[in-house]
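Note sheet for the following structure.
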Amino acid sequence: MSNTWFDRVDVLPPYAGYRVTRGWYTTNDGEEVVAYSIEPKRSNGQVLMYLRGGTARIGDVRLPRLMQFAARGFHVVAPVYRGNHGGTGKEDFGGEDLEDVLSLYDRVQTSGRPIHALGFSRGGMMALSLASERPVTTVTSWAGVTNLQWTYEEQRSMRKMLRRMTGGDPESAETAYTERSPLYKEWGAPTLIIHGTDDEQVRLRHATAVAEKLGEQAEFWVLPFGHQLPFWDKWETTEQAMEWMLQQAKAPTR
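If you count the sequence shown from 1, position 213 lands on 199 in the numbering used here, and the numbers rise without skipping.
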């Protein structure tokens, strides 16, 4: 199935018995982007788009992370965003590189399968923005950025990068920050928000603001951890999130 989503495919060595491919696809704005695909051994008939956090090699796609979703039957597809892994163009932190996610969704949706989006950190911003543009079955933001101006305020180490990508600071490039921020967007998909009380990289207010905005549309899980969870807590929370996705897919259309 993934062969029909990509223009060119490399079949990689199996990972823990799962079929893994690396594919290249052309976005609607002409960039060549790489994504990884893991096919389940027993399919549940649904697709999970995993949207990574970070930039460049920081927060990169990791096969062990994707494998947990494949083990529950999801066909997992994970773009690495433009400019990475040999792709063309440059990352834009939720700006032009949002097209990488939208274009991949457009290809995957031709399969007719339910598509769930889950994003971590910067990927949470990408997932929620995807939900505002395309009819995903569910969307999950895990430690996700929802207001880029807050990220600029909270993370001194990211300010230079954000100024370069947006064209300035939140005052001089207000539109660029607002357009990247899911807090100012609308979507209708069932939404799961997962966030740690002690997260120093993406503060809890990113989650609470969106949860308050969405009301009953959102499920909000607050965990007593920081940006990253201990291994087994992360594993268990992921299992619970997948169960939530599957239950939402069975629920009557809102």
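Ideal placement from N, C-alpha and C gives every residue a C-beta, glycine not left out.
It should be emphasised that the depicted structure is a prediction, and the values quoted were computed from it without experimental measurement.
Between T126 and A195, the beta carbon gap of about 17 angstroms keeps them out of contact (Cβ cut-off 8 angstroms). Classified as exposed, T96 has fewer than 16 neighbouring CB atoms from the shown chains inside 10 Å of its CB. Assignment of beta-bridge partners to L114 by DSSP yields no partner.
As the crow flies, the alpha-carbon of A56 is around 19 angstroms from that of D219.
DSSP places E18 outside any alpha helix (DSSP H); the residue lies instead in the beta strand (DSSP E), whose first and last residues are E18 to E25. Between the alpha carbons of R5 and F(-8) lies a distance of about 15 angstroms. Setting aside the 5 residues that flank it on each side, L209 is surrounded in the same chain by G182, each with a C-beta closer than 6 angstroms to its C-beta; the list follows chain order. Bridge pairing for T224: absent [DSSP]. The beta carbon of Y138 sits closer than 8 angstroms to the beta carbons of M144, R145, L148, D155, P156 and Y163 from its chain, once the five residues preceding and following it are set aside; these are given in chain order. Contact annotation, V62 with S23: C-beta distance approximately 7 angstroms; criterion of less than 8 angstroms satisfied.
Contact between L37 and G109 holds: their C-beta atoms lie close to 4 angstroms from each other, under 8 angstroms.
The beta carbon of A117 sits closer than 6 angstroms to those of V125, W173 and A175, all from its chain and outside the five residues before and after it, given in chain order. Restricting attention to alpha helix (DSSP H) runs no shorter than 4 residues, the segment 79 to 111 encloses them at 84 to 94, ordered along the chain. In the DSSP assignment, E140 is bridged to no other residue. Sequence-distant partners of M53 (beyond 5 residues in either direction) whose C-beta falls short of 7 angstroms from its own C-beta, in its chain, are Y1, A2, Y4 and I24. Here S29 is not near G72, since their CB atoms are 8 angstroms or more apart. Fewer than three Cβ pairs drawn from the segment 39 to 49 and the segment 82 to 94 lie within less than 8 angstroms of each other, which leaves the two stretches out of contact. For the 8 angstroms CB-CB criterion, Q203 and P100 do not form a contact. Between M231 and the set V(-5), L34 and W10, the nearest pair of CA atoms involves L34. Taking every protein chain shown into account, the CB of I44 has fewer than 16 other CB atoms within 10 angstroms, so this residue is exposed. Rounded to whole angstroms, the separation of the alpha carbons of E205 and L134 is 22 angstroms. Fully enclosed alpha helix (DSSP H) runs of no fewer than 4 residues occupy 49 to 57 of the segment 33 to 82, in order along the chain.
By DSSP's assignment, L232 forms no beta bridge with any residue.
Around the beta carbon of T152, a 10 Å sphere encloses 16 or more other beta carbons of the protein chains shown; the residue is thus reported as buried.
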